[in-house]
Every structure is written in structure tokens, then in C-alpha cells.
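*Asks:* Read left to right, the sequence shown gives residues -7 to 301 (the working numbering).
The structure is given below, and queries will be raised subsequently.
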Amino acid sequence: MTTRPAVLIMQRHLGQLTPFLEGSYDVYRFWEGPPAEVEARIGAIVVAGEFELDKALIERLPNLKLVACFTSGYDRIDVEWCRARGLPVTHAPGVNHEDVADHAIGLILAARRKIVEGDRHLRAGEWTPETRILTPSLKGQKVGIVGLGLIGQAVARRAEVMRMAVRWWGPRDRPAHWPRAASVLELAKASDILVVACRVDDSNVGLISKEVIEALGPSGLLVNVSRGQVLDEAAVISALRSGALGQAALDVFTHEPADPADWADVPNTVLTPHTAGATTEAVQGMLMLMVQNLAAVFNGEPLKTPIQN
């Protein structure tokens, strides 16, 4: 029997990591049903942070040393539960926040300047001198950012360069170049565009409520590059249909993959399939950190990017 460390990949879409790991490890894939006798050999599991951790499985892995989260976000991983069992969790911080911010600005442009609508207009043969689409300028638009972490700050810098006025709100004050609103509701009331860029946890599920959505108003644009759970998605859909909310540009959804039927007849939307941080360079950075963390745990060295709190 091989003496190489064994690694278990949990989610099917992470199966693409196999070629990068099998040179050093025996790699198993959860969806293929690895045999029970392998469980005692598993030293690390590789997971995506938007999926709930399988605690029952972890309890069956007596020699597990590491939960290696491939992504930056780890909102569905119970880090405290792992820590109580002496099980460290690593992730990929600071790798894709600039790309997510680029995508957020792209969503703003696509919605406000009606880029997708213009594309469809042209392809349908509806472009005539009399039907040119007029759109508002971004200059002077008031952008409110929910969450001023790495992503929020990167969005703020870009928005400022594009001549937009920036404010933000988060549950904790912090030194910042931009003014902080008293509450998320006050931020929505004062904004033309509301960009949700916070990390989701138990305290902010449904933070962007019906009241916040209505405060943004019939000319407002709601952008979400955080997690779908931060929004009351049903309230967003209802407000778009009634005109209580002007536009929504979303990269994340409450349930993923999103059911296209939920959005088929919802007007004034730009939707992308959770690709804000999915650039080639970001994925390479995540892969590098994961490989370094796996090597560290199996060699008894300090972990590269452990989750500290």
C-alpha cells in the first residue's frame, strides 16, 4: 500500500485540481464514493467555501489534519467547530479581490449604460437613427458600498476614478478615505447605486431587506458580488417587477446554480453565474496557496494562510 499522504476533494467542480495534486498525493474524489478503508488515510480535504462542511464525514476521518478551502470566502465552513477539534482551516485571501471589484464595475456599466440591452437591440435589427438608446452618465452618481474590506475598498477606488461619489457602511467603523453612513438603510437612501461587497455570516443574512431595497428606490441600481444570502432575493425580484427597484446586477444568488425560471421574466437585470472572481490569474493564485498549505501540513511546517478568527 502506498505511504503517500491522501487528499479528498469534496466538490465535483474542484475535480480539475486533481492533476496538480496527484504527483505528490493519493487523490480521491468524494462524488466517486472512495472506499471506506481509505478514510483512515485521508490527511486533508479540499473544499470550496460556499459549500457546507460535511461534519459527519469529518468525524469518520481519524487522521485528518487540514481543511484546505480553495476559495477566499469560507462562509459555509464552521471554523469554530473545526478549531474545537484541533483541525486547522486554510483559505486563499487577497487573491481575487481586484478581479471581483473589476466585475462589480462591469456590472454597473452593463446596467447603467444598458450594454446588454444595446447588444440585443442591434442583433434584433432594431438599430435606427430614431431608436438610439440614451443612458445616464456615471459622473456624479452616488455609490454606496456595503462592506469596506478588500473588495469594497477596490470598488471604491475604481468608482472614485470614474467620477462617482463614494460612501460606505459596515458594522464596524474603520479609518477610510470615504465617509461612513450611520446604517445600511441610510446608505441606501443616499445612494444611486448600492454595491454589496461584505462577507456573509450569521449576522448579515438578509441584510439587504425589503426596506433597504425600497430605500434605494425606483431609479436605484443594486449590485451584489458578495453572497446571495445577504439579499432578500424574493424582495429583490418583487421590487424589480413592481418598479420599486430600478435595476439589479447580480453575480451571486441564494441558491446556486440559480434556477433560470426564477429570473426569466424579471426586468432590468444583468446576471452573471458567480464569475466575479473567476479569472485565470486568481485561480492560479488560489491553487498556489492550496498547494503550499498542503505541503506545510504534511511536512509539519507552519501553514501559509490559516484562518485566524
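Every residue gets a Cβ at the ideal spot worked out from N, C-alpha and C, and that includes glycine.
How is Gly15 classed by DSSP in three states: helix, strand or coil?
*Replies:* Residue state, collapsed to three classes: coil.
*Asks:* For the region 212 to 220 and the region 96 to 103, state whether three or more C-beta atom pairs, one from each stretch, are separated by less than 8 Å.
*Replies:* Yes, they touch.
*Asks:* Check Ala40 in the structure and name its three-state DSSP category.
*Replies:* Coil at Ala40, not helix or strand.
*Asks:* Buried or exposed: His95, going by 16 or more other Cβ atoms within 10 Å of its Cβ?
*Replies:* Buried is the call here.
*Asks:* Cutting at 7 Å between CB atoms, please list the residues of its own chain near Glu31, excluding the five before and the five after it.
*Replies:* Cβ neighbours of Glu31 beyond the five flanking positions: Arg52, Leu53.
*Asks:* Measure how close the beta-carbons of Glu206 and Ala231 come, nearest whole angstrom, since I'm counting them as under 8 Å.
*Replies:* The pair is a contact, with the Cβ atoms about 7 Å apart (cut-off 8 Å).
*Asks:* Nearest to Glu44 by CA position, among Arg112, Val87, His247, Lys181, is which residue?
*Replies:* Selected option, being the one with the closest Cα: His247.
*Asks:* Helix or strand or just coil, what does DSSP make of Thr123?
*Replies:* Reduced to three states, the DSSP call for Thr123 is helix.
*Asks:* Between Arg21 and the rest of its own chain, which residues show a CB-CB distance below 6 Å, the 5 nearest in sequence each way excluded?
*Replies:* Ile1, Gly7, listed in sequence order.
*Asks:* Residues in its own chain within less than 6 Å of Lys47 by CB, not counting five upstream and five downstream?
*Replies:* Closer than 6 Å at the Cβ level, and outside the excluded window around Lys47, lies no residue.
*Asks:* Exposed or buried, what is Gln145 when buried is set at 16 or more other beta-carbons lying within 10 Å of its beta-carbon?
*Replies:* Buried, by the Cβ-count rule.
*Asks:* Tell me the rounded alpha-carbon separation between His89 and Arg112.
*Replies:* Rounded to the nearest angstrom, the two C-alpha atoms are 30 Å apart.
*Asks:* Could you tell me the alpha carbon to alpha carbon distance between Asn55 and Ala288, rounded to whole angstroms?
*Replies:* Computed Cα separation, rounded: 16 Å.
*Asks:* Once DSSP output is grouped into helix, strand and coil, what is the label at Lys47?
*Replies:* Lys47 falls in the helix class under three-state DSSP.
*Asks:* Can you check whether the CB of Asp18 is closer than 7 Å to the CB of Ala(-2)?
*Replies:* In this structure, Asp18 lies closer than 7 Å to Ala(-2) by Cβ.
*Asks:* Between which two residues does the alpha helix (DSSP H) carrying Gln284 extend?
*Replies:* Where Gln284 is concerned, the enclosing alpha helix (DSSP H) stretches over 272 to 291.
*Asks:* Given a cut-off of 7 Å, decide if Leu140 and Ala168 are closer than it, judged by their beta-carbon atoms.
*Replies:* Going by C-beta atoms, Ala168 is nearer than 7 Å to Leu140.
*Asks:* Can you tell me whether Glu225 is buried or exposed? The criterion is at least 16 other CB atoms within 10 Å of its CB, across all chains shown.
*Replies:* So Glu225 counts as buried.
*Asks:* Once you ignore the five residues that flank Thr297 on each side, which residues in its own chain have a CB closer than 7 Å to its CB?
*Replies:* Result list for Thr297: Thr82, His83, Ala84, Pro85, Leu281, Asn285, in chain order.
*Asks:* From this set, Gln239, Ala268, Pro259, which residue's C-alpha is nearest Arg104's C-alpha?
*Replies:* Nearest option by C-alpha distance: Gln239.
*Asks:* With H, G and I counted as helix, E and B as strand and the rest as coil, what does DSSP make of Leu199?
*Replies:* Three-state DSSP puts Leu199 in coil, outside helix and strand.
*Asks:* Among Ile50, Gly25, Ala93, which one has its Cα closest to the Cα of Gly35?
*Replies:* Selected option, being the one with the closest Cα: Ile50.
*Asks:* Please name the residue or residues paired with Tyr305 in a DSSP beta bridge.
*Replies:* With the chain covering only -7 through 301, there is no way to say anything about residue 305.
*Asks:* Flag this pair as yes or no: are the beta carbons of Val138 and Ala151 separated by less than 7 Å?
*Replies:* Contact: no.
*Asks:* Excluding five sequence neighbours on each side, which residues of the same chain lie with their C-beta closer than 6 Å to the C-beta of Trp23?
*Replies:* Same-chain partners within the cutoff: Arg4.
*Asks:* For Ala250, which option in Pro265, Ser211, Thr261 has the closest C-alpha, if you only look at C-alpha atoms?
*Replies:* When each option's Cα is compared against that of Ala250, the closest is Pro265.
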